[in-house]
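Engineer: Got a structure here, written out as structure tokens. Questions coming.
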Ligand code: FAD
Ligand code: 2HG
Ligand code: ZN
């Protein structure tokens with residue numbers, strides 16, 4: 008047992024570029040089955056097939072190099088990062104400006120061509136890749152930072168800016184992005200906004216519905232909608248930005264974003280704790296809200312099976328012995344002496360009364376980074392088991408972990424691993440069932456049971472990853488018929504021909 012607090016030197020490293028992994032994966036390991044074959048009940052809509060006339064239009068608009076048609080080159084854009092979904096598009100478009108996006112969508116709308124918007128392609132619900140042959144509209148070349156107001160902390164940038172690049176830019180100005188996630192090396196701010204991504208510090212900095220002050224989007228008919236407010240307060244009618252935050256590319260393509268960025272904390276401290284039971288995790292969470300108060304920036308839970316996915320599959324080293332559960336608790340503050348003392352006092356009392364069995368506390372960047380890697384790379388570690396059925400649920404805290412045990416019983420030996428971890432501070436559990444390879448039998452053991460269970464507890468079937476392709480038919484477990492009908496009407500009004508991300512978000 009030891010608590011050790013050292014001096015902080017610089018900011019921590021992050022995960023390697025996730026997109027590199029996608030390319031590698033597609034090249035060297037087995038490709039996932041085509042989505043159309045795995046889910047034969049989903050039928051291709053009555054969209055046009057892309058032909059030479061269409062391609063010539065795109066090449067005239069963008070030039071040859073920004074219209075990708077080569078099958079191998081298209082593969083990375085057709086396959087999602089978790090290797091669970093694969094389309095067969097033979098056209099990837101890479102616009103560099105809002106005007107180009109507008110021209111593309113106008114043409115697609117007139118010619119009934121379906122479009123799949125794509126950012127960093129790190130989405131976990133099959134929303135970012137085509138289901139059939141939809142044109143992929145990639146924002147990766149729309150990556151300019153437009154302005155930063157250092158006084159208000161408002162950053163304005165294009166949708167294709169990679170989250171990590173924005174963080175690096177802001178670091179020079181003593182600011183941070185209000186969100187942080189393991190996919191930061193690849194995911195783009197436009198993708199983050201379109202999924203309303205949560206991440207590791209939502210409990211401190213809030214969600215994107217609050218921090219995104221404005222955005223620009225292009226609707227299905229190619230109209231550019233300027234909602235680029237940089238104001239914190241603006242009650243002039245409907246808040247149209249909310250139509251695009253979290254609608255996963257089904258209502259428009261987000262092209263620019265303005266976002267409120269918090270000051271970079273002068274002091275960062277981290278604790279990694281070993282605990283005997285999930286009840287003790289809840290006790291620690293309750294106490295840390297009171298005892299760490301305003302400096303608490305993250306509160307994450309990890310079970311033994313999740314941690315093992317990184318230690319066994321990725322050879323990462325844990326600084327603690329084996330425990331049934333672990334917690335990562337982080338503080339962001341402005342006075343290191345104060346924060347260190349507060350954290351140490353809190354941790355000592357947890358050890359004294361036996362709530363926590365063992366732990367480390369540190370503010371040394373390399374040590375904090377090593378702990379964050381154990382947490383952030385669980386998704387990657389799990390993929391090494393084979394195929395992963397992923398669930399991302401909001402549940403009342405007393406039920407946060409119970410589903411993991413129930414699921415272990417249901418799938419039994421069919422699973423390589425059933426694990427639960429996540430943002431306990433936000434009531435968001437990530438339940439993952441890893442199997443050697445995709446199996447419809449295992450899927451039927453999990454779904455719809457897992458959604459019925461969640462619904463009975465009035466939880467959410469998607470806390471942060473979205474509905475994408477994978478969960479459309481289960482939306483009713485979290486939304487009333489009236490709410491779904493209204494969403495369908497909004498979709499019909501904004502995209503009457505249904506060209507934007509078909510087969511996603513809304514039930515067919
Ligand atoms: P993509 O995956 O490319 O797209 C996601 C969806 O948004 C798709 O439906 C796509 O069509 C649409 N879209 C993308 N860009 C645009 C645009 N400009 N306009 C309109 N629609 C668009 N998610 C979390 O919420 N919290 C986490 O902590 C988290 N951690 C992750 C860790 C790892 C290792 C991985 C692989 C994923 C993680 N995710 C997490 C999921 C994912 O990273 C997020 O959903 C992220 O916000 C997706 O961004 P992206 O740029 O990769 O979007
Ligand atoms: C995280 O919190 C992400 O690490 C991914 O949301 C969760 O892979 C998952 O299940
Ligand atoms: Zn998460």
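Numbering (this note's numbering), first residue to last: 8 to 515. In this text, a Cβ means the ideal position worked out from N, Cα and C, and glycines have one as well.
Looking only at its own chain, which residues have a Cβ that is under 6 angstroms from the Cβ of residue 433, when we skip the five neighbours before and after it?
Structural biologist: Taken in chain order, the residues that qualify are 209, 210.
Engineer: Residue 160 and residue 56: beta carbons closer than 8 angstroms?
Structural biologist: No, the Cβ-Cβ distance between residue 160 and residue 56 is not below 8 angstroms.
Engineer: What does a CB cutoff of less than 6 angstroms around residue 234 pick up in its chain, not counting 5 residues either side in sequence?
Structural biologist: Hits under 6 angstroms: 221, 222, 247, 248.
Engineer: Within the stretch 229-300, note down every full alpha helix (DSSP H) run reaching 4 residues or more, in order along the chain.
Structural biologist: If we require 4 residues or more, the alpha helix (DSSP H) runs fully inside the stretch 229-300 come out as 248-251, 285-298.
Engineer: Taking the Cβ atom as the reference point for each residue, do residue 307 and residue 334 lie within a distance shorter than 8 angstroms?
Structural biologist: Their beta carbons are under 8 angstroms apart, which means residue 307 touches residue 334 by this criterion.
Engineer: Taking only beta-carbon atoms, is residue 214 less than 8 angstroms away from chain D?
Structural biologist: The chain labelled as chain D is not found in the depicted structure, where only one protein chain is given.
Engineer: Return helix, strand or coil for residue 510, following the three-state DSSP convention.
Structural biologist: Residue 510: coil per DSSP, three-state reduction.
Engineer: With DSSP collapsed to three states, give me the class of residue 432.
Structural biologist: Correct three-state label for residue 432: helix.
Engineer: For residue 6, tell me which candidate among 409, 105, 39, 78 has the shortest Cα-Cα distance.
Structural biologist: No answer is possible for residue 6: it lies beyond the span of the chain, which begins at 8 and ends at 515.
Engineer: Locate the alpha helix (DSSP H) running through residue 312, then write down its first and last residues.
Structural biologist: Here the alpha helix (DSSP H) through residue 312 covers 311-318.
Engineer: Check the C-beta distance from residue 340 over to residue 272 and give it rounded, since I have them as a contact under 8 angstroms.
Structural biologist: About 6 angstroms; that satisfies the 8 angstroms criterion.
Engineer: Would you list the one or two residues that DSSP bridges to residue 555?
Structural biologist: Residue coverage of the chain in this structure runs from 8 to 515, which leaves residue 555 outside it and unanswerable.
Engineer: Leaving out five residues on either side along the sequence, give the residues of the same chain with a beta carbon under 6 angstroms from the beta carbon of residue 125.
Structural biologist: Around residue 125: 135, 143, 145.
Engineer: Alpha carbon to alpha carbon, how far is residue 256 from residue 512? Give it in angstroms, no decimals.
Structural biologist: So the alpha carbons of these two residues sit roughly 9 angstroms apart.
Engineer: Is it buried or exposed for residue 490, if we count other Cβ within 10 angstroms and need 16 for buried?
Structural biologist: It is exposed - the Cβ of residue 490 has fewer than 16 other Cβ atoms within 10 Å.
Engineer: Is the CB-CB distance between residue 447 and residue 205 below 8 angstroms?
Structural biologist: Their beta carbons are not under 8 angstroms apart, which means residue 447 does not touch residue 205 by this criterion.
Engineer: Nearer than 7 angstroms: is that true of the beta carbon of residue 483 relative to any heavy atom of the ligand ZN?
Structural biologist: For the ligand ZN, not one heavy atom lies less than 7 angstroms from the Cβ of residue 483.
Engineer: In the DSSP assignment, the alpha helix (DSSP H) including residue 366 goes from what residue to what residue?
Structural biologist: It is not in any alpha helix (DSSP H) - residue 366 instead sits in the beta strand (DSSP E) that spans 365-369.
Engineer: In whole angstroms, what separates the C-alpha of residue 24 from that of residue 150?
Structural biologist: In this predicted model, residue 24 has a pLDDT of only 45, less than 50, meaning its place in the structure is not dependable enough to derive any value.
Engineer: Under three-state DSSP, which class holds residue 13?
Structural biologist: Confidence at residue 13 is low in this model, with a pLDDT of 32, below 50, so the placement of that residue should be treated as unreliable; the coordinate-derived value is given next. Residue 13: coil per DSSP, three-state reduction.
Engineer: With respect to the alpha helix (DSSP H) encompassing residue 110, which residues constitute its N-terminal and C-terminal limits?
Structural biologist: Taken as a continuous stretch (DSSP letters only), the alpha helix (DSSP H) holding residue 110 covers 105-117.
Engineer: Let's see if you can read the secondary structure: which residues bound the alpha helix (DSSP H) around residue 372?
Structural biologist: It spans 372-383 - the alpha helix (DSSP H) in which residue 372 sits, taken as one unbroken run.
Engineer: Are residue 276 and residue 368 close, meaning C-beta to C-beta below 8 angstroms?
Structural biologist: For residue 276 and residue 368, yes; Cβs fall inside 8 angstroms.
Engineer: Classify residue 453 as helix, strand or coil using the three-state DSSP reduction.
Structural biologist: Reduced to three states, the DSSP call for residue 453 is helix.
Engineer: Are the CB atoms of residue 122 and residue 131 within a distance shorter than 8 angstroms?
Structural biologist: Not closer than 8 angstroms, so no.
Engineer: Return the chain-ordered list of same chain residues with a C-beta closer than 8 angstroms to the C-beta of residue 309, the five sequence neighbours on each side being excluded.
Structural biologist: Closer than 8 angstroms at the Cβ level, and outside the excluded window around residue 309, lie 332, 333, 334, 335, 381, 382, 385, 428.
Engineer: When we look at the beta-carbon of residue 476 and count the other beta-carbons within 10 Å, is it buried (16 or more) or exposed?
Structural biologist: Looking at its Cβ environment, which holds 16 or more other Cβ atoms inside 10 Å, residue 476 is buried.
Engineer: Of the choices 147, 482, 393, 414, whose alpha-carbon is the least far from that of residue 262?
Structural biologist: Measuring from the Cα of residue 262, the nearest candidate turns out to be 147.
Engineer: The ligand FAD and residue 105: does the residue's C-beta get closer than 7 angstroms to at least one heavy atom of that ligand?
Structural biologist: Because no heavy atom of the ligand FAD lies under 7 angstroms away, the Cβ of residue 105 does not count as near it: no.
Engineer: Let me check one thing: in DSSP terms, what residues is residue 336 bridge-paired to?
Structural biologist: Bridge partners of residue 336: 278, 306.
Engineer: Quick one: residues in its chain with C-beta nearer than 6 angstroms to the C-beta of residue 395, no 5 flanking neighbours on either side, listed in chain order?
Structural biologist: If we look at residue 395 and ignore the five residues flanking it on each side, its Cβ neighbours are 389, 439, 441.
Engineer: Closer than 7 angstroms to a non-hydrogen atom of the ligand 2HG - does that hold for the CB of residue 131?
Structural biologist: Because some heavy atom of the ligand 2HG lies under 7 angstroms away, the Cβ of residue 131 counts as near it: yes.
Engineer: Let me confirm a value: residue 506 is counted as buried when at least 16 other C-beta atoms fall within 10 Å, else exposed. Which label applies?
Structural biologist: Result: buried.
Engineer: Rank 115, 158, 155 by C-alpha distance to the C-alpha of residue 141 and give the top, closest one.
Structural biologist: Of the listed residues, the one whose Cα sits closest to residue 141 is 115.
Engineer: From the DSSP output, in three-state form, read off residue 226 for me.
Structural biologist: Of the three classes helix, strand and coil, the one that applies to residue 226 here is coil, per DSSP.
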